[in-house]
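**Q** One structure coming up, written as structure tokens, with questions to follow.
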Ligand code: SAH
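In the working numbering, the protein residues as written are 3 to 256.
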């Protein structure tokens, strides 16, 4: 798949494509990313990309024309109908389901906003979808674009060290959309605290049951709506329900 990124800060991107496990996806081209410097598409000596808002008020607004020119160059360079995505607080919140969708797509053209945002006429005419990464305001869409690219890259086959290990992560349907269980590594006792006995038992079924129980408890505690979703989808068995009932009884007692 291919992602084209339109940004005023192209220098922010390269370290993310050459570091950590996800570099495999970027270097192999399984997630092919091209960064487009918006300023290259601005006119005049000053290569202006922003201007004051009509109606007054603070801040600057990204002008439509440089974005339009840059988009034209990208369209000429890729002969598909990749959607144009703008990062914005008003967008749909990014979650595992949409990341999984993007990771199996042809990719997209990602527009990183800056200043107060983008001239609405460009959005109305050329943006197909808007994505938010949460209910807070960033200074620019670059971190949001990197969040999407990183999450998409780690879902590519062969990117994580263990094939399928992303299926063990939080929100993955392979584990019914539950949150992850706690993890422990050496030493066996750290500052007087031992590792839970079940994990040291070497008994595969017991270890899996322990992990499942912790996933259920943690999810019920932090994100009860995910338990409801798993239940609604018929993904919880009797043993699961017993753990959840026991947890409820315990919290009722305390
Ligand atoms: N005036 C806008 C905020 C602009 S912040 C508002 O109040 O909604 C500048 C740019 O940062 C935005 O154009 C967008 O591309 C990016 N951005 C800010 N917060 C974001 C978020 N939560 N998710 C995705 N992109 C965000």
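Where a beta carbon is used, it is the ideal one built from N, C-alpha and C, also for glycine.
Using a threshold of 7 Å, is the CB atom of residue 186 nearer than that to any non-hydrogen atom of the ligand SAH?
**A** False, no ligand heavy atom lies under 7 Å from that Cβ.
**Q** Which one of 146, 59, 58 and 123 has the shortest CA to CA distance from residue 113?
**A** For residue 113, the nearest C-alpha among the options comes from 146.
**Q** In the DSSP assignment, find the beta strand (DSSP E) that holds residue 39 and state where it starts and stops.
**A** Residues 34 to 39.
**Q** What's the C-alpha gap between residue 141 and residue 229?
**A** In a straight line, the C-alpha of residue 141 is about 35 Å away from that of residue 229.
**Q** If you follow the beta strand (DSSP E) that residue 86 is in, where does it begin and where does it stop?
**A** First-last of the beta strand (DSSP E) with residue 86: 86 to 95.
**Q** Suppose you measure from the CA of residue 126 to the CA of residue 85; what does that come to, to the nearest Å?
**A** For residue 126 and residue 85, the distance between alpha carbons rounds to 13 Å.
**Q** Let me check understanding here. Comparing Cα to Cα, which of 118, 5 and 184 lies closest to residue 58?
**A** Checked all of 118, 5 and 184; the closest Cα to residue 58 is 118.
**Q** Three-state secondary structure (DSSP) at residue 142?
**A** In this structure, residue 142 counts as strand in the three-state DSSP scheme.
**Q** Closer than 7 Å to a non-hydrogen atom of the ligand SAH - does that hold for the CB of residue 54?
**A** Residue 54 Cβ: outside cutoff for every heavy atom of the ligand SAH.
**Q** Between the Cα of residue 190 and those of 201, 183 and 180, spot the shortest distance and give me the residue it belongs to.
**A** Among 201, 183 and 180, the Cα nearest to that of residue 190 is on 201.
**Q** Please list, in chain order, all residues of the same chain as residue 55 whose beta carbon is under 6 Å from its beta carbon, the five residues on each side excluded.
**A** Closer than 6 Å at Cβ, skipping near neighbours: 63.
**Q** Residue 181: which of 76, 170 and 187 sits nearest, CA to CA?
**A** Cα-wise, what sits closest to residue 181 is 170.
**Q** Is it the case that the CB of residue 29 approaches a heavy atom of the ligand SAH more closely than 7 Å?
**A** No; taking the cut-off as 7 Å, the Cβ of residue 29 has no heavy atom of the ligand SAH nearer than that.
**Q** What distance in whole Å lies between the Cβ atoms of residue 222 and residue 249, which are believed to be in contact at a cut-off of 8 Å?
**A** About 6 Å separates the two Cβ atoms, so the contact holds.
**Q** According to the Cβ coordinates, are residue 20 and residue 152 closer than 8 Å?
**A** No, the Cβ-Cβ distance between residue 20 and residue 152 is not below 8 Å.
**Q** What three-state label does DSSP hand residue 186 in the structure shown?
**A** Looking at residue 186 - three-state DSSP - the assignment turns out to be coil, as it is neither helix nor strand.
**Q** Under 7 Å from any heavy atom of the ligand SAH, does the C-beta of residue 114 make it?
**A** Result yes, Cβ under 7 Å from the ligand SAH.
**Q** Evaluate the contact criterion for the stretch 240 to 248 versus the stretch 192 to 207: three or more CB pairs, one atom per stretch, below 8 Å.
**A** Output reads no: the stretch 192 to 207 does not touch the stretch 240 to 248.
**Q** Span of the alpha helix (DSSP H) holding residue 225?
**A** Note, residue 225: premise wrong, no alpha helix (DSSP H); not H, not E.
**Q** Following the continuous alpha helix (DSSP H) through residue 132, name the residue where it begins and the one where it ends.
**A** Looking at the DSSP string, residue 132 is not in any alpha helix (DSSP H); the run it does join, the beta strand (DSSP E), is 131 to 134.
**Q** Is residue 136 near the ligand SAH, with its Cβ less than 7 Å from a heavy atom?
**A** True, at least one ligand heavy atom lies under 7 Å from that Cβ.
**Q** Comparing alpha-carbon positions, which option in 103, 80 and 6 lies nearest residue 158?
**A** Per the Cα distances, 103.
**Q** Span of the alpha helix (DSSP H) holding residue 242?
**A** Element bounds for residue 242: 240 to 255.
**Q** Could you compute how far the alpha carbon of residue 39 sits from the alpha carbon of residue 179?
**A** Distance between the alpha carbons of residue 39 and residue 179 is about 38 Å.
**Q** Looking only at C-alpha atoms, which of 184, 78 and 11 sits nearest to residue 143?
**A** Checked all of 184, 78 and 11; the closest Cα to residue 143 is 11.
**Q** Going straight from the alpha carbon of residue 246 to that of residue 105, what length do you get?
**A** Each residue's Cα considered, the two are about 33 Å apart.
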